[in-house]
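Here's the structure, in structure tokens; my notes come after.
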Amino acid sequence: AQKVTQAQTEISVVEKEDVTLDCVYETRDTTYYLFWYKQPPSGELVFLIRRNSFDEQNEISGRYSWNFQKSTSSFNFTITASQVVDSAVYFCALPGGTGGFKTIFGAGTRLFVKA
Amino acid sequence: DTAVSQTPKYLVTQMGNDKSIKCEQNLGHDTMYWYKQDSKKFLKIMFSYNNKELIINETVPNRFSPKSPDKAHLNLHINSLELGDSAVYFCASSQEITAEQYFGPGTRLTVT
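Chains as they are written, first to last, in this note's numbering: chain A, 64 to 178; chain B, 148 to 259.
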């Protein structure tokens, strides 16, 4: 069965610090996709990134970077020089189940960035 | 233009009542979903639809009945509401199952 673990419940940092959010997953599929979503205090869920299991290259988008390691089944997310606007709950997700229609979300990591 | 819209945004009702939440997407996506987010922010899939057909029913009580009149709409009807149904319900859509999901703004349901 699919599983996504985000062991960090809450992280608190001061602005401009770097922070890494961990995501560990379990799947029996040989091909799969992983996602990160952001939920700011306003409540909406916003897509951040999708990663194919065949592509282990790290990805960088501005202050955001993602490190995908199949060997450790991890897909970690780093925010460089964090800002107050980064304060949100971040979810890692893995589609699976019947034909991939059942997306499993991790429990989320709440990030507080203090000014 | 709102990509995925839900109505109402807030719903306060008493136990035992029946209520509906509507969802519409204007993205032309084939796949739509309902999620429940509890007070601890845990997000759980309830239903997945593809081309108006139910694919996933994730052990949701049969008091919950989704309906997809067309590919752009996926409504959720809840009978005999219980206190434990209080949560935020999110509708989402995606072009395909491996693509990113676009979420509606959520409907905060409070059952008293």
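All residues carry an ideal CB built from backbone N, CA and C; glycine is no exception.
Over what stretch of residues does the beta strand (DSSP E) that includes residue i continue unbroken?
i, result
"residue 238 (chain B)", "234-241"
"residue 222 (chain B)", "220-225"
"residue 88 (chain A)", "87-89"
"residue 100 (chain A)", "96-102"
"residue 140 (chain A)", "137-142"
"residue 107 (chain A)", "No beta strand (DSSP E) contains residue 107 (chain A), which DSSP labels as neither H nor E."
"residue 159 (chain A)", "151-159"
"residue 173 (chain A)", "172-177"
"residue 179 (chain B)", "178-184"
I'd like to know whether the C-beta atoms of residue i and residue j end up nearer to each other than 7 Å.
i, j, result
"residue 79 (chain A)", "residue 151 (chain A)", "no"
"residue 250 (chain B)", "residue 108 (chain A)", "yes"
"residue 233 (chain B)", "residue 163 (chain B)", "no"
"residue 176 (chain A)", "residue 128 (chain A)", "no"
"residue 179 (chain B)", "residue 221 (chain B)", "yes"
"residue 196 (chain B)", "residue 215 (chain B)", "yes"
Please classify residue i as buried or exposed, where buried requires at least 16 other C-beta atoms within 10 Å of its C-beta.
i, result
"residue 171 (chain B)", "buried"
"residue 123 (chain A)", "exposed"
"residue 241 (chain B)", "buried"
"residue 156 (chain B)", "exposed"
"residue 175 (chain B)", "exposed"
"residue 187 (chain B)", "exposed"
"residue 230 (chain B)", "exposed"
"residue 172 (chain A)", "buried"
Measure how close the beta-carbons of residue i and residue j come, nearest whole angstrom, since I'm counting them as under 8 Å.
i, j, result
"residue 166 (chain B)", "residue 153 (chain B)", "Not a contact, Cβ separation roughly 13 Å."
"residue 178 (chain A)", "residue 147 (chain A)", "5 Å"
**OP:** Would you be able to state if there are at least three C-beta pairs under 8 Å between the stretch 237-248 of chain B and the stretch 174-187 of chain B?
**Re:** yes
**OP:** Specify whether the stretch 81-96 of chain A and the stretch 64-71 of chain A touch according to this definition: at least 3 beta carbon pairs, one from each stretch, less than 8 Å apart.
**Re:** yes
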